[in-house]
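Number 79 in numbering that gives the first Met the number 0 belongs to position 80 of the sequence shown; there are no gaps in the numbering.
C-beta: ideal position from N, C-alpha, C; glycine also.
Worksheet: the structure to be examined is printed underneath.
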Amino acid sequence: MKNPKLMRHAALVGGVALILYVLCLAYRLVLTDPQLVGLHLLSLRLWFPGFQAMDIASMLWGGLLSFVYGFVAAWIFHNVHKDCCGVKG
């Protein structure tokens, strides 16, 4: 974990996961059909760890875990595949 470039990139991937999570939560606000709302909440529970309901604690916990899982996944991927983002040639 001493490579600052790797840490910045992993943080960026975690941030993208967090932005995706926020967009999915915001999309819930435009839905009007109750059956579609139920399916959307089910997909949020399946795709984003920690999210259980539309209460503030669940949303914050789901956002934190989305960032952490994105960060850890990017960190593991880049440690397994050395120089995958380097200059090819």
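Determine, using beta carbons only, whether residue i and residue j come nearer to each other than 8 Å.
{"i": "residue 13", "j": "residue 67", "result": "yes"}
{"i": "residue 47", "j": "residue 61", "result": "yes"}
{"i": "residue 16", "j": "residue 74", "result": "no"}
In terms of residues, what are the limits of the alpha helix (DSSP H) holding residue i?
{"i": "residue 33", "result": "33-46"}
{"i": "residue 10", "result": "3-27"}
{"i": "residue 72", "result": "55-79"}
Could you tell me how far apart the beta carbons of residue i and residue j are, in whole angstroms, since I believe they sit closer than 8 Å?
{"i": "residue 43", "j": "residue 23", "result": "6 Å"}
{"i": "residue 58", "j": "residue 70", "result": "No, residue 58 and residue 70 are not in contact; Cβ-Cβ is about 19 Å, not under 8 Å."}
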